[in-house]
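Protein chains in written order, with our numbering: chain A, 115 to 271; chain B, 115 to 271; chain C, 115 to 271.
Backbone N, C-alpha and C define an ideal beta-carbon position, used for all residues, glycine too.
Quick caveat: nothing in here was measured; it's all calculated off a predicted structure.
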Amino acid sequence: MTSTPSERLRELGLVLPPPPRPAGTYSPVVLDEERAWVSGQIVTEAGSVVHPGLVDRDVPIEVARDLARRAALQALSALAAELGSIDHVRRFLRVTVYVASSPGFARQHEVANGATDLLVQVFGEAGRPARAAVGVAGLPLNAPVEVEFLVGTVPLR
Amino acid sequence: MTSTPSERLRELGLVLPPPPRPAGTYSPVVLDEERAWVSGQIVTEAGSVVHPGLVDRDVPIEVARDLARRAALQALSALAAELGSIDHVRRFLRVTVYVASSPGFARQHEVANGATDLLVQVFGEAGRPARAAVGVAGLPLNAPVEVEFLVGTVPLR
Amino acid sequence: MTSTPSERLRELGLVLPPPPRPAGTYSPVVLDEERAWVSGQIVTEAGSVVHPGLVDRDVPIEVARDLARRAALQALSALAAELGSIDHVRRFLRVTVYVASSPGFARQHEVANGATDLLVQVFGEAGRPARAAVGVAGLPLNAPVEVEFLVGTVPLR
Chain A
115 MTSTPSERLR
125 ELGLVLPPPP
135 RPAGTYSPVV
145 LDEERAWVSG
155 QIVTEAGSVV
165 HPGLVDRDVP
175 IEVARDLARR
185 AALQALSALA
195 AELGSIDHVR
205 RFLRVTVYVA
215 SSPGFARQHE
225 VANGATDLLV
235 QVFGEAGRPA
245 RAAVGVAGLP
255 LNAPVEVEFL
265 VGTVPLR
Chain B
115 MTSTPSERLR
125 ELGLVLPPPP
135 RPAGTYSPVV
145 LDEERAWVSG
155 QIVTEAGSVV
165 HPGLVDRDVP
175 IEVARDLARR
185 AALQALSALA
195 AELGSIDHVR
205 RFLRVTVYVA
215 SSPGFARQHE
225 VANGATDLLV
235 QVFGEAGRPA
245 RAAVGVAGLP
255 LNAPVEVEFL
265 VGTVPLR
Chain C
115 MTSTPSERLR
125 ELGLVLPPPP
135 RPAGTYSPVV
145 LDEERAWVSG
155 QIVTEAGSVV
165 HPGLVDRDVP
175 IEVARDLARR
185 AALQALSALA
195 AELGSIDHVR
205 RFLRVTVYVA
215 SSPGFARQHE
225 VANGATDLLV
235 QVFGEAGRPA
245 RAAVGVAGLP
255 LNAPVEVEFL
265 VGTVPLR
């Protein structure tokens, strides 16, 4: 890939949403020694959770996968706000995808692909992280999907 | 803030509980290259879990929030035991709050504030971490809340 | 311990399984600056999950503990494939054990010991990580146990 991540984003026709505002006592992004921890992202619009409920019972898997993708875009927006540009991301190190799951749902990894497919589209192999996908009992504000990111950054200052 | 975290703790009238003892094959704190990983804290007294059960059905949210706060105090105690003093904490990087949630409970972020509000009271902005709050099906010994911490430390030797 | 981890493994009569193949858009292991993040391991044989279901209702705790142990062996296999040898692991920093739990199950920490007991057998005190054990609603492909690892490595090139 010769283009930069921000160029790729434009080529893909993707626009970053507004950076997420914290819904409690935490930072959207914490930077420390070439690492950036991004807080768990749930997808909101105008302050409300999009498609609340449990995946499978209330939210179809295709919708959940798209929410994971949008959670990744929100994370990129938070990183751009903190780092100046997503081009200062060196590598995605680890992603955890929490899926609020109705009993018996067993396709959390497919939901998770919504987030990590996007990262690979934008960052190439540097967007392919270590990953865990798990099914949880519930999430803040009834969100069906929450995604957390750890990133390696270029030296900043 | 001109006072140190340990001075702030005293000013707030807070006393650290005894450092937690591992309930299995793990370390309370692992130090490596100016980072400290603190194992998931559940609140116990004399070896028993305080207020066992699921949040909302068995444990009111106000109690759960206070348990998150006490889990943070336990973590500070574990860090003090390992680092010599909580003043050797440079910054809280990431906190994960697991809330054992009855069906439909959607206020895990408010429970999580119990932990991170305390960190900000004691450490100021250095206590404001990246955070994920999730609702889980159950926790060891029926604890309603478990909190895990990653900290940046001053250079140690 | 005077023997190396790979010698210990042999002395214990343990053989590493084939390295796990990713079931989605992620890397089995990501290396960065003397750290290795290992993706969440679920135990599979010939591409199928072993003992699917919820722990307690469908999968006895003794079986779950053994699956946690096998998940740790899979992680060692992934690390060996990426680092050349498990002897390039310097220290286990953090392990998260997700246990798909039937309602009321409260012994996730005992399941987790299956993974961390093995690490201590093979690596001695360097195998004793910070740990969180939590009960989740479900896991990919109905796996009863998923284990995630963060490791400090020797300097690599």
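Taking its Cβ as the centre, do 16 or more other Cβ atoms sit within 10 Å of A/Thr116, making it buried, or is it exposed?
Exposed: under 16 other Cβ atoms inside 10 Å.
Contact with chain C by B/Leu255, beta-carbon distance below 7 Å
yes
Compute the Euclidean distance between the alpha carbons of C/His223 and B/Ala137, then round it to the nearest angstrom.
Pairing C/His223 with B/Ala137, the inter-Cα distance amounts to about 7 Å.
Are the C-beta atoms of A/Thr139 and some chain B residue less than 7 Å apart?
yes
Three or more C-beta pairs below 8 Å linking the stretch 233-249 of chain C and the stretch 119-127 of chain C
Taking 8 Å as the limit for Cβ pairs, the verdict is that the stretch 119-127 of chain C does touch the stretch 233-249 of chain C.
Would you please state the rounded distance, in angstroms, between the beta carbons of A/Val143 and A/Glu196? I believe it to be under 8 Å.
4 Å
Rounding to the nearest angstrom, what Cα-Cα distance links B/Val173 and C/Asp170 in this structure?
23 Å
Enumerate in chain order the residues of its own chain whose CB-to-CB distance from A/Gly154 is below 6 Å, with the five nearest sequence positions on each side excluded.
Answer for A/Gly154: Glu260, Glu262, listed in chain order.
Along chain B, in chain order, which residues have C-beta atoms closer than 7 Å to that of C/Asp231?
Thr139
Quick check: the Cα distance between C/Ala189 and C/Phe219, rounded to an integer number of angstroms?
26 Å
Less than 7 Å separating the beta-carbons of C/Ala192 and C/Val152?
yes
Taking only beta carbons into account, state which residues of the stretch 221-250 of chain B come closer than 8 Å to chain C, listed in chain order.
Across the stretch 221-250 of chain B, CB contacts with chain C closer than 8 Å involve Val250, in sequence order along the chain.
Indicate whether at least one CB of chain C lies closer than 7 Å to the CB of A/Phe263.
Using beta-carbon distances, A/Phe263 does not count as an interface residue toward chain C, since no partner is under 7 Å.
Nearest CA to the CA of B/Ile175: which residue from B/Pro269, B/Glu147, B/Gly249?
B/Gly249
As an exercise, report each continuous alpha helix (DSSP H) stretch of at least 4 residues that is fully enclosed by the stretch 175-219 of chain B, in chain order.
175-197
What does DSSP give as the partner residue(s) for B/Thr118 in the beta ladder?
Answer is none; B/Thr118 lacks a bridge partner.
Where A/Gly138 sits in the DSSP three-state scheme:
coil
Name the DSSP bridge partner or partners of A/Gln155?
A/Val261
Taking 7 Å as the limit between beta carbons, can you name the residues of its chain near A/Ala194, skipping five residues before and five after?
Leu130, Ile200
Would a check of beta-carbon distances place B/Val144 closer than 7 Å to chain C?
yes
Do you know offhand how far A/Val177's Cα is from C/Tyr140's?
21 Å
From which residue to which residue does the alpha helix (DSSP H) around C/Asp146 run?
Element bounds for C/Asp146: not the alpha helix (DSSP H) but the beta strand (DSSP E), 143-146.
Suppose the cutoff is 6 Å on Cβ atoms and the five residues either side in sequence are ignored; what does the same chain contact list for A/Val164 look like?
Val157
For the alpha helix (DSSP H) that B/Gly228 lies in, which residues bound it at each end?
222-237
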